[in-house]
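Following the working numbering, the numbering of the sequence shown begins with 2 at its first residue and continues without gaps.
Cβ atoms here follow ideal geometry from the backbone N, Cα and C, with glycine treated the same way.
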Amino acid sequence: MRTDNPAGEVRKGEELDVAAIDAVLKENIEGLEGTPDVRQFSSGASNLTYAVTYSNRSLVLRRPPFGTRPKSGHDMHREHRIISALKPVFPSVPDSVFYTDDESVIGAEFYVMERVDGHMVIKWPDEWDEKTGSALCENFFQKLIDLHNVDYKAIGLEDFGKPEGYVDRQIGGWNRRFEKAWTKDVEKFEDVRQWLEDNKPKESTSGAILHGDFRIDNCILNKDDPTQIDAILDWEICALGDPLMDLGNTLSYWIEKDDPPMMQLMVRQPSNAPGMMTRQEILKFYSDQTGTDVSDFRFYYVYGLWRLAVIIQQIYYRYYHGQTDNPRFKSMGQMVTALGQLSRIKIETGEI
Numbered sequence: 002m003r004t005d006n007p008a009g010e011v012r013k014g015e016e017l018d019v020a021a022i023d024a025v026l027k028e029n030i031e032g033l034e035g036t037p038d039v040r041q042f043s044s045g046a047s048n049l050t051y052a053v054t055y056s057n058r059s060l061v062l063r064r065p066p067f068g069t070r071p072k073s074g075h076d077m078h079r080e081h082r083i084i085s086a087l088k089p090v091f092p093s094v095p096d097s098v099f100y101t102d103d104e105s106v107i108g109a110e111f112y113v114m115e116r117v118d119g120h121m122v123i124k125w126p127d128e129w130d131e132k133t134g135s136a137l138c139e140n141f142f143q144k145l146i147d148l149h150n151v152d153y154k155a156i157g158l159e160d161f162g163k164p165e166g167y168v169d170r171q172i173g174g175w176n177r178r179f180e181k182a183w184t185k186d187v188e189k190f191e192d193v194r195q196w197l198e199d200n201k202p203k204e205s206t207s208g209a210i211l212h213g214d215f216r217i218d219n220c221i222l223n224k225d226d227p228t229q230i231d232a233i234l235d236w237e238i239c240a241l242g243d244p245l246m247d248l249g250n251t252l253s254y255w256i257e258k259d260d261p262p263m264m265q266l267m268v269r270q271p272s273n274a275p276g277m278m279t280r281q282e283i284l285k286f287y288s289d290q291t292g293t294d295v296s297d298f299r300f301y302y303v304y305g306l307w308r309l310a311v312i313i314q315q316i317y318y319r320y321y322h323g324q325t326d327n328p329r330f331k332s333m334g335q336m337v338t339a340l341g342q343l344s345r346i347k348i349e350t351g352e353i
């Protein structure tokens, strides 16, 4: 399915106070005309995203989910700050135009950015050929490399996080989050968690900006040339740290056309489309472009798979406890189990 990123009706229980939003935006953004039409994007299972459309301007609002939220998660200010700092040196982000931590407006902090028109793609359109897939794939991973090469200190983000000890904090942090979000219908996977604790590598670099959720379906592709990426979205879990951890996260989502059925069930982007690189080809491309040694990537790949399992478990926890009735979340416990089992397989085989 190819789409121009449409928004639909706001889901029940996730409505916003349109009058309050209109008032605060008109107070802080000049020139807005009329009453906004507020609709909701169906994509995204964590932070909520809404189209706020005035007669003369199209905006997008991001807010945390309703219900119980992890203390360190869903930080709207981090998203606003990172894209604002990146825009002058890494143009492939939207313009963030407003942020507030005043929860009296809609019950949570939120930020607003310009809407970027273009293609958001999950399933590969039949009319796009192998050449298109190859060019998009290379441009996609070049964007990740370009992001990792940004001098975060030069753009004022030296206090954005602590790159030293990032690997250790990630493993401990995601393991603790799983414990807090665990539900009785999901296995605990103590063996996977312990393997990650016991096999942490040394930090590969002095640190880089990490997106944390780098996927094709988090990109807006140019309307006229879908091999070009106009904007990268969803900076919710961006950080400073080891770029190989970011690459591991990205490869955990990267399902190839020849992967087993267990993995095919987790396809969320057209990584299996004609012309797309395999995970091994991606590692070679990244290594060739950066000079980074990726010969032993098992830890980073298993970390990416397990982190994805924990993220899904946190979402499923809200559904399991009745904090959301979104039917998309009903089978997420099964996805967590599949990812935990896949992590075991990769630990044993070392295959990427």
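Taking 8 Å as the cut-off, the Cβ atoms of Ile217 and Val122 count as close.
Residues of the same chain with a CB within less than 7 Å of the CB of Arg116, apart from the 5 flanking positions on each side, are Ala52, Ser59, Leu60, Val61 in chain order.
Counting along the chain, Cys239 sits inside no beta strand (DSSP E), nor does DSSP assign it H or E at all. Rounded to whole angstroms, Lys13 and Ser105 show a C-alpha spacing of 21 Å. In its chain, beyond the 5 residues on either side, Pro37, Val39, Val53, Leu62, Val106, Ile107 have a beta carbon closer than 8 Å to the beta carbon of Ile22.
The beta carbon of Thr133 is closer than 8 Å to those of Pro227, Thr228, Gly276 in its chain, skipping five residues each way along the sequence. Per DSSP, the continuous beta strand (DSSP E) segment holding Asp38 begins and ends at 38-41.
Selection Met336, Ala240, Asp96, Gly292 evaluated against Leu211 yields Ala240 as nearest (Cα-Cα). Under DSSP, Ala209 forms a beta bridge with Gly242.
Going by DSSP, Ala86 is part of the alpha helix (DSSP H) stretching over 77-87. Runs of the alpha helix (DSSP H) lying entirely within the segment 139-215, each at least 4 residues long, are 167-182, 191-199 in chain order. Looking at Asn200, Lys124, Val337, the one whose alpha-carbon comes closest to that of Ile313 is Val337. The DSSP-derived three-state label of Arg63 is strand.
Distances from the CA of Pro271 to each of Tyr301, Asp235, Leu222 were compared; the closest alpha carbon is that of Leu222.
For Ser205, the CB contacts under 6 Å within the same chain, skipping 5 residues up- and downstream, are Asp243, Leu245 in chain order.
Between the beta-carbon of Glu237 and that of Asp214 there is about 7 Å, and that keeps the pair under the 8 Å contact cut. Here the segment 136-144 does not lie against the segment 159-177, with fewer than 3 beta-carbon pairs under 8 Å apart.
Residue pairing of Ile233 in beta bridges, as defined by DSSP: Cys220.
Counting C-beta pairs closer than 8 Å gives fewer than three between the segment 318-330 and the segment 276-292, which falls short of the contact rule. The C-beta distance from Gln290 to Ile146 rounds to 5 Å, short enough to meet the 8 Å contact threshold. The distance from the Cβ of Gly157 to that of Ala274 is about 38 Å, inconsistent with a contact at the 8 Å cut-off. Rounded to the nearest whole angstrom, the CA to CA distance from Val90 to Trp307 is 32 Å. Within its own chain, no residue has a Cβ closer than 6 Å to the Cβ of Asn150 once the five positions on either side in sequence are excluded.
Excluding the 5 residues flanking it on each side, Val303 has same chain C-beta neighbours closer than 7 Å at Leu197, Ser344, Lys347, Ile348, in chain order. Per DSSP, reduced to three states, the secondary structure at Val117 is coil, with no helix or strand assignment. Excluding the 5 residues flanking it on each side, Arg79 has same chain C-beta neighbours closer than 7 Å at Cys239, in chain order. DSSP, read as helix, strand or coil, puts Val106 in coil. In the three-state DSSP reduction, Phe330 falls in the helix class (H, G or I). Contact between Ala109 and Arg64 is confirmed by a C-beta separation of about 5 Å, below the 8 Å threshold. Shortest Cα-Cα distance from Pro92 to any of Lys203, Ala232, Tyr321 involves Ala232. Ser296 has its alpha-carbon roughly 21 Å from the corresponding atom of Tyr167. Nearest to Asp103 by C-alpha distance, out of Ala182, Leu26, Glu16, is Leu26.
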